[in-house]
Amino acid sequence: MSAAVACADPEGTVGAFLCRAGQRLRAAAIEMPRLEARLMLAHAMGCRTEDLLRDPRTPVPPAAALRFAGLLERRLGREPMARLLGAAEFWSLPFAVSPATLVPRPDTETLIEAALAAFPERGAPRRVLDLGTGTGCLLLAALSEFPEAKGVGVDAVPEAALLARRNAAALGMGGRTVFLAGSWGAALGDCPFDLILSNPPYVEAGAIPGLAPEVALHEPRSALDGGADGLGAYRALLPEIRRLLAPGGRAVVELGQGQRGPVEAIAAGSGLRTLCCRADLGGVDRALVLAAPAGI
Ligand code: GLN
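Mapping of the sequence shown onto full-length UniProt numbering: position 47 corresponds to residue 47, and the numbering continues sequentially without gaps.
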């Protein structure tokens, strides 16, 4: 590995901090070292990344330098950037994240596209349910598109349900949403929903250690682990969806790569039929759209 080259800007300035941090991140094989260094320093200094670039000789105040050092160490330990910055964007909306929740993924936005396509001329869904809501990103993105709808988000982890509730309030949707802690639909009785969304844990347990370290080491295992074959959560979830789906309702569930066939089979065995499947930007079948049998 090449030795660190000298940084051009004087010690203690924005330019020097960015240069050093960029070198350490690059040496740790982090893909976008300059960008990440800039994002973390702006976060530590409470300014925008553009402000940093204006004058690289701006001194970094000691408290900000300490905060930055802490962030840099955590990033070198492969904590996801969104967790260091405390927020991620999903469907162009801001979501607070925590160790109790999966960082919202761009791939998961495919479910919102599928939900919008599933309700074109039939009137918007009024009752939306998100099972395994995490940050609340699926439910809140859906409600941002269906302004007449109200929604329920459920998560097995109480801290996740609390965080989702805070996210809803911050987005001005606190009055249209209820968040509960519970196992899938168990807390919901027989209340029917027009649209049910879910991004369940679907990674094969044995494959988790091989995921990116940001995911394997830092994301909540309960949001990833789909059991030995990755399909355990669907076996519990799909019968619940069948029970809770209103007549004419639609469910959209996220799939892992290669899971379309097996999940369609579990859905059929649970009394659901597949309407379509939408691919993500990488061409992976990602959002499976399900309905109750024809005529129901
Ligand atoms: N897409 C996630 C990942 O592999 C997995 C999310 C999930 O299990 N629902 O990083």
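Where a beta carbon is used, it is the ideal one built from N, C-alpha and C, also for glycine.
Keep in mind the model is a prediction, meaning the values are calculated, not measured.
Closest to residue i by C-alpha separation, out of the options, would be which residue?
i      : options                           : result
Ala44  : Leu71, Ala27, Met32 and Arg20     : Leu71
Ala246 : Val263, Ile266 and Leu129         : Leu129
Leu195 : Gly230, Glu145, Glu204 and Ala170 : Glu145
Arg57  : Leu84, Ala28, Ala16 and Ala181    : Ala16
Pro104 : Arg54, Leu224, Pro239 and Val284  : Leu224
Glu240 : Asp107, Gly86, Pro200 and Thr13   : Pro200
Gly206 : Phe193, Arg221 and Pro192         : Arg221
Ala82  : Glu11, Leu143, Pro106 and Gly12   : Pro106
Pro262 : Gly248, Ala233 and Gly282         : Ala233
Phe193 : Val284, Arg126 and Ile112         : Arg126
Gly86  : Ala186, Asp51 and Met40           : Met40
Asp157 : Gly182, Ala142 and Gly136         : The sequence given here places Val at residue 157; Asp does not occur at that position. With distances taken between Cα atoms, Val157 lies closest to Gly182.
Could you pull out every residue in the same chain whose Cβ sits closer than 8 Å to the Cβ of residue i, ignoring the five residues on either side in sequence?
i      : result
Gly174 : Arg165 and Ala168
Leu275 : Ala118, Arg250, Val289, Leu290 and Ala291
Asp9   : Gly15, Ala16, Cys19, Pro56 and Arg57
Leu162 : Phe179
Pro213 : Arg78
Around the C-beta of residue i, are 16 or more other C-beta atoms found within 10 angstroms, so that it is buried, or is it exposed?
i      : result
Gly46  : exposed
Arg48  : exposed
Glu73  : exposed
Asp190 : exposed
Val5   : exposed
Gln257 : exposed
Ala63  : exposed
Met1   : Residue placement at Met1 is flagged as unreliable, the pLDDT there being 47, under the threshold of 50; the coordinate-derived value follows with that caveat. Counting Cβ neighbours within 10 Å, Met1 comes out exposed, since fewer than 16 surround it.
Arg287 : The amino acid occupying residue 287 in the given sequence is Ala; Arg does not appear at that position. Under this definition Ala287 is a buried residue.
Gly230 : buried
Asp155 : buried
Gly226 : buried
Ala267 : buried
Glu31  : exposed
Glu109 : buried
Ala28  : exposed
Gly136 : buried
Once the 5 residues before and after residue i are set aside, which same chain residues still bring their CB inside 7 Å of it?
i      : result
Ala236 : Trp184
Arg26  : Pro33
Leu139 : Val128, Asp130, Thr133, Gly151, Gly153, Thr177 and Leu197
Leu171 : Leu93 and Leu140
Asp285 : Leu255, Arg260, Cys277 and Ala279
Ala88  : Ala82, Phe95, Val97, Val103 and Pro104
Going along the chain, which residues of its own chain have a beta-carbon closer than 6 Å to the beta-carbon of residue i, five neighbours each way excluded?
i      : result
Gly271 : Arg242
Ala160 : Ala100, Thr101 and Gly134
Arg24  : none
Ala21  : Ala37 and Leu72
Counting beta carbon pairs with one atom in the segment 114 to 121 and one in the segment 89 to 102, are three or more of them shorter than 8 Å? Cβ pair count under 8 Å is below three, so no.
Taking contact to mean 3 or more Cβ pairs, one atom from each stretch, closer than 8 Å, check whether the segment 211 to 227 and the segment 146 to 153 are in contact. Result no; under three Cβ-Cβ pairs closer than 8 Å.
Three or more beta-carbon pairs under 8 Å between the segment 76 to 86 and the segment 238 to 253, yes or no? No, because fewer than three Cβ pairs between the segment 76 to 86 and the segment 238 to 253 fall closer than 8 Å, the two stretches do not touch.
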